[in-house]
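The opening position of the sequence shown corresponds to residue 83 in my numbering, with each subsequent residue numbered one higher.
For each residue, glycine too, the CB sits at the ideal point set by N, CA and C.
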Amino acid sequence: MDIYLTEQAHRRGLARAIYEQIREAIVEGRIRPGDRLPPSREMAKQLAVSRYTVTTAYGFLVAEGFLEGASGAGTRVAAQPESAVPGGRVRRGAMPRHRLAGLSPMVTEETPSLHLGVGAPDTALFPLLDWRRQMARALRSLDAAGASYGDAAGDAVLRAEIATWIHRSRGVRATPEEVVITAGAQQAFDLIIGALTQPGDIVAVEDPGYVPFRKLAEVRCARVAPIPVDDSGLVVEALPSRAKLVYVTPSHQFPLGPVLSLVRRRQLLDWARTTGSVIIEDDYDSEFRFSDRPLEPLQRLDTGGRVIYVGSFSKTLAPSLRAGFLVAPRELVSSLAGLRQLVDWHSPALLQRTLAGFLSEGMMDRHLRRARKEYRARHQFIVDWFRGPGRRLGRLISVDAGLHVAVALQPGLDEARLIERARAAGLTLEGLSKYSIDTGRRGLALGYGGTNRQGLEKAFQLLSKLIPAR
């Protein structure tokens with residue numbers, strides 16, 4: 083099977099061109115059910131493209147039912163499914179294959195008793211008594227009008243409280259009318275992508291970076307452009323001029339941790355003004371900083387209306403609340419709220435009223451002071467460990483913020499082998515490679531948010547035993 087990448091293919095997108103040519107070959111019968119396709123690495127070498135480009139094309143074809151993959155068997159052309167059984171009775175499970183057939187929820191696997199997974203806060207720190215009191219007050223305040231449909235952009239009181247809180251805590255400039263309440267940051271990303279992009283538009287992401295955002299952009303049929311990250315954050319010079327959106331975590335880059343420098347922030351804002359692109363600022367983990375005060379957010383530095391700021395209460399309170407928000411230029415709010423309404427109308431009124439009271443009465447500030455103290459102690463434990471036995475494992479890449487640390491492994495240590503040995507011993511670790519697209523970054527991301535100090539000590543004692551003597 084020959085694939086040709088013309089100049090037009092480069093303009094339209096290489097992954098799309100590969101996908102279309104393979105699909106056409108299958109439909110026309112030039113490659114048949116059961117035929118094996120070249121491995122993605124080999125195909126990428128033949129076409130002089132990145133392996134990610136090929137795996138993206140293969141992924142679309144798997145999702146649509148044209149290809150199927152099995153561990154150890156490679157990627158093959160799928161068998162033609164039967165549409166019916168004798169007698170005309172439709173067989174169970176005979177729904178047609180569709181574009182998202184290969185997509186499934188990213189459910190957390192059942193983990194061993196010890197885990198250093200990334201992305202989870204300690205739910206034992208959740209201020210349950212304060213939350214219950216505030217919820218009871220909110221319930222008493224709800225009347226018949228409050229039980230009806232509300233504003234798709236969110237409860238007016240909560241929007242005002244969030245505008246006040248993010249201005250005081252992060253310096254974000256926002257009026258209540260510029261705030262849209264969402265079911266977490268992920269829904270905010272979905273609204274932004276849905277409102278501002280068309281299929282085939284370029285969306286730039288950090289590499290390595292936050293996988294759920296990248297997958298969401300791909301599902302929305304965007305062309306994802308991976309942009310490298312260095313010690314100063316996103317490499318702005320690598321951004322494609324035709325990118326419609328760029329997603330960035332400037333306060334604490336996920337997963338490596340560097341802060342986007344002030345010089346880079348200004349470069350990024352200049353780039354957005356010049357290209358007409360929009361920046362999605364995910365203020366990831368800005369609440370948990372253990373050294374210097376964080377730089378001002380991009381949103382505050384922005385004078386051209388090119389930044390949409392996204393925040394969430396998943397780490398500061400609890401993931402199960404599904405509470406987040408975005409701050410957008412006022413001319414975009416109506417479109418974003420309208421799209422939100424089409425999805426699920428608005429967040430639950432009781433949740434919004436409870437959160438508004440929680441913010442207004444200072445309960446959030448009190449909770450964060452307690453949480454920072456606890457997370458700081460866990461963070462310091464890890465820093466101290468790397469000054470001792472952890473030196474055999476590698477070095478910390480970034481050490482001043484967030485609920486995880488990134489680790490560059492010592493030469494000779496294999497990320498995959500170490501993770502597998504840890505799992506066999508009852509310890510969950512995460513590799514940096516799972517967050518990489520083109521960079522091939524290897525290392526570990528060690529989370530300490532979801533494990534108490536006693537569990538943390540046990541986990542690192544076990545990790546010490548897994549590191550080969552040097």
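Would the beta-carbon of residue i fall within 8 Å of that of residue j?
i: Ala527; j: Glu512; result: yes
i: Leu433; j: Leu478; result: no
i: Leu418; j: Ala410; result: yes
i: Leu485; j: Leu509; result: no
i: Ala304; j: Ile274; result: no
i: Gly529; j: Gly291; result: no
i: Val330; j: Leu316; result: yes
i: Ile104; j: Leu129; result: no
i: Pro379; j: Val254; result: yes
i: Ser323; j: Thr279; result: no
i: Leu96; j: Pro337; result: no
i: Pro294; j: Gln268; result: yes
i: Val341; j: Leu377; result: yes
i: Trp213; j: Phe370; result: no
i: Leu207; j: Thr157; result: no
i: Ser442; j: Ile263; result: no
i: Pro332; j: Arg348; result: no
i: Gly525; j: Ala490; result: yes
Counting C-beta neighbours from all protein chains within 10 Å, is the total for residue i 16 or more, i.e. buried, or is it exposed?
i: Arg523; result: buried
i: Tyr86; result: exposed
i: Glu363; result: buried
i: Arg109; result: Looking at the sequence shown, residue 109 is not Arg but Val. That one is exposed.
i: Ala453; result: buried
i: Lys455; result: exposed
i: Tyr231; result: exposed
i: Asp84; result: exposed
i: Ala405; result: buried
i: Ala139; result: buried
i: Ala431; result: buried
i: Thr533; result: buried
i: Val345; result: exposed
i: Trp467; result: buried
i: Leu221; result: exposed
i: Arg388; result: buried
i: Ala438; result: buried
i: Gly170; result: Reliability fails at Gly170, whose pLDDT of 38 lies under 50, so the model's placement of it is uncertain and no value is given.
i: Gly116; result: exposed
i: Arg112; result: exposed
Per DSSP, which residues does residue i bridge with? Please list them.
i: Arg371; result: Ala483
i: Arg305; result: Ile284
i: Leu526; result: Val489, Gly513
i: Val330; result: Glu363
i: Thr385; result: DSSP lists no partner for Thr385.
i: Phe407; result: Ile263, Gly393
i: Asp312; result: Gly315
i: Val159; result: Leu149
i: His197; result: Thr510
i: Arg118; result: Arg158
i: Gly476; result: Leu491
i: Ala325; result: Ile284
i: Asp289; result: Pro310
Please name the residue in the options whose C-alpha comes closest to that of residue i.
i: Ala245; options: Ala234, Ser480, Ala541, Val261; result: Val261
i: Ser359; options: Arg458, Lys326, Ala551, Leu211; result: Lys326
i: Ile284; options: Asp272, Val306, Ala265; result: Val306
i: Ser122; options: Ile309, Tyr101, Asp233, Tyr457; result: Tyr101
i: Gly470; options: Ile549, Ala218, Ala242; result: Ile549
i: Ala551; options: Gln492, Leu129, Thr398; result: Gln492
i: Leu240; options: Arg250, Asp496, Ser333, Glu259; result: Glu259
i: Phe407; options: Ala220, Pro401, Phe395; result: Phe395
i: Gly199; options: Arg324, Lys547, Ile501, Thr356; result: Ile501
i: Phe148; options: Gly141, Arg473, Ala160, Thr137; result: Ala160
i: Leu211; options: Arg499, Val487, Met445, Gln462; result: Met445
i: Val487; options: Ser251, Ile464, Gly472, Ala498; result: Ile464
i: Ala504; options: Phe542, Phe372, Glu300; result: Phe542
i: Ala459; options: Trp213, Val136, Gly531; result: Gly531
i: Ser223; options: Thr436, Glu243, Asp367; result: Thr436
i: Val425; options: Ala234, Leu321, Gln381; result: Ala234
i: Val136; options: Ala145, Met125, Glu146; result: Met125
i: Ser314; options: Glu288, Tyr517, Gly111, Lys127; result: Glu288
i: Ser132; options: Glu146, Thr88, Tyr391, Ile519; result: Ile519
i: Leu475; options: Ser546, Glu413, Ala507, Glu146; result: Ser546
i: Pro563; options: Glu300, Arg296, Gln536; result: With the chain represented from 83 up to 552, any question about residue 563 goes unanswered, as that position is not in the structure.
i: Gly553; options: Gly151, Gly393, Arg412; result: Because the chain is modelled from 83 through 552, residue 553 falls outside the range shown and cannot be assessed.
Quick one: is residue i near chain D, going by C-beta distance under 8 Å?
i: Glu497; result: Given the protein chain composition of this structure (a single chain), no chain D is represented.
Subject >> Complete alpha helix (DSSP H) runs within the segment 443 to 470 (minimum length 4 residues, chain order) >> reply: Along the segment 443 to 470, the alpha helix (DSSP H) occurs as fully enclosed runs of 4 or more residues at 445 to 469, listed in sequence order.
Subject >> Complete alpha helix (DSSP H) runs within the segment 332 to 357 (minimum length 4 residues, chain order) >> reply: 344 to 357
Original post:
Unbroken alpha helix (DSSP H) runs of length 4 or more, entirely within the segment 213 to 279: which are they?
Top reply: 238 to 252, 267 to 278
Original post:
Enumerated in chain order, which unbroken segments of the alpha helix (DSSP H) with a length of 4 residues or greater are wholly contained in the segment 422 to 446?
Top reply: Entirely contained in the segment 422 to 446, the alpha helix (DSSP H) runs reaching 4 residues are, in chain order, 431 to 442.
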